[in-house]
Amino acid sequence: MTIGDFPNSGDGFEIEAFLREVFEQNYELLKLEAGTALAPEVRETAWQQVLLYWRKMRGVAETVTDAEVPLSLPGAVSPAGRHYTVEGVVDIVRDDNRTIMYDIKTHDADVVRANPDIYMRQLNVYAHIWQELRGQVLDEAGIICTDFPAFVKEALESRDPEQLTRALGEWQPLIEVAYNPGSIDVTMQEFGEVVDAIEAGEFAPPDLSVLQEQLGTSTQRFATRVCRNCDARFSCGAYRQYARHGRGQIEKNFRQYFGELVGGGEEATWLTAGLDEAADATDLRADVG
Amino acid sequence: MDSNSQNKQVQGAELNLEVLYRAFHFSPNAKQESAIRHLDGPLYLAAGPGSGKTRVLLWRTLNLIVFHGVKPEEIFLATFTEKAAQQLSEGLRSLLGMATNLTGQPYDITQMYIGTVHSLCQRILTDRRRFAPDRQRSRPPKLLDELGQYFHLARNRTWSRFTALFGDVENANEAINSLFQTPSKSKHAAVTNLISFFNRFSEELVDPSLALERLSANDKAVSQFLKAQGIATSEMEMALRLYQIYLETLNDSAALPLTDFALLQKEAFGLLAESEIARNVFKHVIVDEYQDTNTIQERIFFQLAQGSGNLCVVGDDDQALYRFRGATVENFVEFPVRCQASLKVKPTRIDLDTNYRSQNRIVDFYRQFMDLEDWSRADGAGGEYRVSEKKIEAYRASTEPAVVATTPGKPDDIYPEIVRLCKELLAKGKVEDPNQIAFLFPSMKSQGQMAIQVERMKRALEEAGLPVYAPRAGRFLEVDEAYDIFGLFVQVFGRPTRGEFLGRDYSNFMDWLDQIEQQGRNLLKADPQLKQFVEDRQKELERVGNDYKTLMAVCAENRWEQAQPYDLNLMKRPLYAAPGLSDEGKRLLGSRYLDLLVEERIERGNPFSLDYIVKRTTSLDWNVLDLFYRFCGFEYFKKMFDAAEQGQDEGPMSNLGLITQYLARFVDEYRTPVITANLLLEDRLFQRVFFMLFLYSLYRLGEAEFEDVEDPFPKGRIPFLTIHQAKGLEFPVVILPNPRKNVRPPGRVEVMVRPFLQREEGEPLDRMSVFDIMRMFYVALSRAKNLLVIAHLKGPGQSMNEPFKQLLNEDEMLRVPDFDLDTVPQYRHVENELPRAYSFTSDFLAYRKCARQYMVFNRYGFVPSRSQTMLFGSLVHRTLEDLHHELIRRREALSR
């Protein structure tokens, strides 16, 4: 199912056609740059995020004056003495006398609201670079999350335009962030620790207790939200422990564990998207000759 | 502006290069300094190995931007590999970042043209704003990479168009191969022959129609040349017609037009040549590794510099390695002359000739090595086929011995000497890790198999407990992890049967299948759970197969056509009730979701066919990548992940990461995101495509010169590299176990292109091979920092290239058994001198979310099957960026 099929009209429709075209082009180019492809289902999700951003956040999109502005904070030093540069990208809206900075994320707003600290601090580092290094005033800052919540997805799948309009109305992808320069030292300290850990080759997964934690306001746990979407979970010690002994879980036998796929409706969308792409016998027969 | 940034501005006024040098602890030598400060007119930097040329380029660029008001978007900075491009861009960002801190002035290099020549050409073609403001928006062609080009040609629908040119289609492959003097019936050989021919002709800007006209008009120069070289006019004509057809196949597909790397550049040049604006877009054109340029690239650079005259080239003709890819080292050697002709000025020449890398004795050795060859021009014009009057000198004054040869002898006798030396280097702490001892070979393979010397050396080391990491040595499919993973694939899907004898490649591949099948069996025997898992998958294959047959029988009984629309009321019940349909089949067919989808499609006048419904009900719910990730959960593979998590042996993970890249390629190339039962059943199409087309092609393509190896190399292993792979790298210890490469006659394609060159002829055909071999060994010798070890091969059947014979036979040559290791400096690895850039989102936050996930997908480049990745984020972000730009553009258009 593609949501591009929903009726629309006017210049919005024209923009949507434009979006579809650049989306496909970007996909081809990026696929080549990255040397990898996206699964059809994943690609479809990306397209849905783009389209729904336009439909929901049109007010912001139409006022952006500087798109994808790169920010860089050079000269940082990690606890172990490594020199590094922090980089980020933001969008800027300037109207007559105000400047607003937006950080667009492909995350779910719930995840951001669940970890307000870290994301707010990120934007604070960006604001710091903008104001202090560039000497330009900033009036507001906010995070826009393009990953839509389950009820928007359900509305999409219901294929009912009214339900979708309602769902888009309820969805709150924008989170405002207050500027608090005091947090920057803490953030940079943590950032430096991560740089050292990466360089030192420390890559152990989080503890079982983290996997069992609920993510903020959401009822989903880390293991559901993060691990279930991770292809590397089968070989992961922490996830294996979780799957076998996790809270309230009866011990799963390994057959279920390995047979487990993305469950329920998601399997059906995976199949739909995949079948749209799949070669038929005639194609392959022509190939084998 | 607040007071804080005013302060910074004041500092800015006092800021100069010296202040920045100090901030970066950089003290350039006089020649580096004058190169950095050079501003106007063409600049010719002849840079020896280890002379800090990349650093000079970066500082020169910084000087232009920070102190001379050149905007980053007015600079074009190109190089040849992704890795080098990334280093340039990271290095520049961190230099400029430091300058920002001191001046308060931000420098945004996102609009700067910095990258590989290919990527910059691609950007020129889509950057209508700057290069062709009046042009209509056109869809950029889809770029085929090397593997993509191979698959494009090899596809039957393309290939049949080539073979149709031959009266005797049955023997067309043989006929094509004979054009290139490689007698063979193999289609694979024919495809690879044609690819190198096409690419070469594209790079030299040969227009096949014009070339054919010259042939038919009996052009004297052409026909004399062909005759002298023993090429029949009819053969040349046939080759050119094949090239014409190739160009047609790229443009006639209903979908996107296609292009390849060579043609992409040709298109970019076309756009530049016809645009008056294009010549003034850049104020500075800077090219690194200029000895690697080919004809079309040289044209592009001169064209871009037409307006400003500021073309700076940096290179080392002695390190030119890429003739096989069309690189013409004369572009560098003859740069002063070409520059005079094109830009009407003589370039300033500065030699960067202080080597900061190697011990004095090593530099002496490779300088002598090069001087042993006669480089003088044969055409009587005087001069050399080499940049004249340059002399590389070591910065390090130490005269301690640093070049050592083994006792003369056969590999089996002298390789143990090398092994002992390695053990001692490690034991005495002369290197910190085995990955600091590099073994360099002219080639890792011989006729598709791991070369015998490589094999022997590897065995000798491994028997002594020193594991080896050989990225794509021999065939990639012959690394242990490929045997494991594909061995299990054979267990799940069954192996293709051995057909009649179709040549050596075929029977080798069939042997490989035997071996992986055996390895798969071993793994199942060792792990009962894995065995159970594989049996479950086999049962699934059986189930979807049976369901497919069952449903097809119902269709036949009711005389429904596969293409007819699926009618819920009429068809669902009989299909659902089909005797023998599995529970899983019932669940899929009966799903409410599916019914809704069906109704939806009917409403929109685009109903599903019966065929679609049958496929949907009988598909596997996993594809090849899903299967891979599940295999990784079993103990045998999980151990590899565990070791990497703790920063131990990284070799297996690197190989597994590569396997995912190939599997993703398969899914993409043969469009198999879902595996449907009909493909498994009908002539076992899926299995045949996977094993006999895809894997067999990879097997035959072998390593295919893979240069961008990951550096640093996996810890705990000794890297085995081709000299090509080692280019641009340096190692504390370099070992040359096989200083031998045979001189060959010039390649057929090289000969064929010669009469059609749009430029002066370069090096004589009969000397090319000798020159190329000299340069290749020069690259190898100049990689070593502290110690260079050369195997002195001698005895029946053993040989070395001439300069090695002379140098190693000298009496004062130090031998390994007599060598006192204590004179070798202890090597301590220091971090990359240039600070690395870390992204807040894709590094910091990703690592914090899950360090292990970051490791798998970021560090080892695993291609995910279902999880979202960087590519996902980039795709959304870039599209939103385009949206914002488009909206800005529209607003501006309205306000005008």
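For the protein sequence lines, the chains are A and B, in the order given. Take the first sequence: its position 140, counting from 1, is numbered 140 in the numbering used here, and each next residue is one higher. Take the position in the second sequence, starting the count at 1, then add 289; the result is the number in the numbering used here. Beta carbons are placed, not taken as given, at the ideal position from N, Cα and C, and that holds for glycine.
- prompt: In terms of residues, what are the limits of the beta strand (DSSP E) holding C370 (chain A)?
  reply: There is simply no residue 370 (chain A) to check, as chain A begins at 1 and stops at 289 in what is shown.
- prompt: Quick one: what does DSSP say G263 (chain A) is sitting in, helix, strand or coil?
  reply: Its pLDDT being 44, under 50, G263 (chain A) is placed unreliably in this model, and the coordinates cannot settle the point.
- request: List the residues of chain A whose Cβ lies closer than 7 Å to the Cβ of Q1210 (chain B), in chain order.
  value: No answer is possible for residue 1210 (chain B): it lies beyond the span of chain B, which begins at 290 and ends at 1185.
- prompt: Under a three-way DSSP split, which group does T350 (chain B) fall into?
  reply: helix
message: Please identify the residue among B:P1044, B:L914, B:S1128, B:I1012 whose C-alpha is closest to the C-alpha of V1152 (chain B).
response: B:L914
- request: May I ask you to report which of helix, strand or coil DSSP gives L947 (chain B)?
  value: helix
message: I need the straight-line Cα distance from I250 (chain A) to R1155 (chain B), nearest angstrom please.
response: Because the pLDDT at I250 (chain A) is just 39, under 50, the model does not fix this residue reliably, and the point stays unresolved.
- request: Pair every Cβ in the region 823–839 of chain B with every Cβ in the region 863–871 of chain B, then say whether three or more of these pairs are closer than 8 Å.
  value: yes
Secondary structure of G783 (chain B), DSSP reduced to three states: coil
task: Please classify Y179 (chain A): does DSSP put it in a helix, a strand, or coil?
output: coil
task: Starting from the C-beta of S485 (chain B), find all residues in its chain whose C-beta is less than 6 Å away, skip the five residues before and the five after it, and write them out in chain order.
output: V1038
- prompt: Y674 (chain B) CB to nearest chain A CB: under 8 Å?
  reply: no
Per DSSP, cross-strand counterpart(s) of E87 (chain A): A:S72, B:S1128
field: Short Cβ contact (8 Å threshold) for L750 (chain B) with I1012 (chain B)
entry: no
message: Can you check whether the C-beta of I198 (chain A) is within less than 8 Å of a C-beta belonging to chain B?
response: yes
message: Quick check: what's the CA-CA separation for T165 (chain A) versus S158 (chain A)?
response: 12 Å
message: Counting C-beta neighbours from all protein chains within 10 Å, is the total for P1124 (chain B) 16 or more, i.e. buried, or is it exposed?
response: buried
field: Spatial neighbours of Y439 (chain B) in its chain, beta-carbon cut-off 8 Å, leaving aside the 5 residues before and after
entry: V480, T481, I484, S986, L990
- request: Check whether the Cβ of Q241 (chain A) lies closer than 8 Å to any Cβ atom in chain B.
  value: no
- request: Kindly indicate which residue of B:Q554, B:E565, B:Y1136 has the alpha-carbon position closest to the one of I585 (chain B).
  value: B:Q554
message: Please tell me whether F191 (chain A) has its Cβ less than 8 Å away from any Cβ of chain B.
response: yes
task: Tell me, please, whether the CB atom of R446 (chain B) is closer than 8 Å to any CB atom in chain A?
output: yes
query: Could you give the distance in angstroms between the alpha-carbon of L1014 (chain B) and the alpha-carbon of G201 (chain A)?
result: Reading the sequence as shown, one finds Gln at residue 1014 (chain B) and not Leu. Using only the alpha carbons, I get a separation of about 24 Å.
message: I want to see whether chain B comes within less than 8 Å of I104 (chain A), judged by CB atoms only; does it?
response: yes
Spatial distance of N1090 (chain B) from F1066 (chain B) (CA atoms): 10 Å
- request: Pull up the distance between the alpha-carbon of I774 (chain B) and that of I144 (chain A), whole angstroms please.
  value: 41 Å
message: Going by beta-carbon coordinates alone, are A1080 (chain B) and P1028 (chain B) separated by less than 8 Å?
response: yes
task: Mind checking the region 45–57 of chain A against chain B and listing, in chain order, the residues whose C-beta falls within less than 9 Å of any C-beta there?
output: T45, A46, W47, Q49, V50, Y53, W54
task: Put V226 (chain A) into one of helix, strand or coil per three-state DSSP.
output: coil
message: Tell me which residues share the same chain as T85 (chain A) and place their Cβ nearer than 8 Å to its Cβ, disregarding the 5 neighbours each side in the sequence.
response: S72, L73, P74, G75, A76
query: Can at least three beta-carbon pairs, one atom from the region 60–69 of chain A and one from the region 82–97 of chain A, be found at a separation below 8 Å?
result: yes
field: Residues, ordered as in the chain, of the region 382–393 of chain B that lie near chain A by beta-carbon distance below 9 Å
entry: R382, S383, L384, L385, G386, M387, A388, T389, N390, G393
message: When you compare the CB of Y179 (chain A) with every CB in chain B, is at least one pair closer than 8 Å?
response: no
- request: Spell out whether any CB of chain B is found under 8 Å from the CB atom of V195 (chain A).
  value: yes
task: Please check the pair F920 (chain B) and L830 (chain B), which I expect to be a contact at CB under 8 Å, by giving their CB distance rounded to whole angstroms.
output: Their Cβ separation, rounded to whole angstroms, is 16 Å, which puts F920 (chain B) and L830 (chain B) out of contact at 8 Å.
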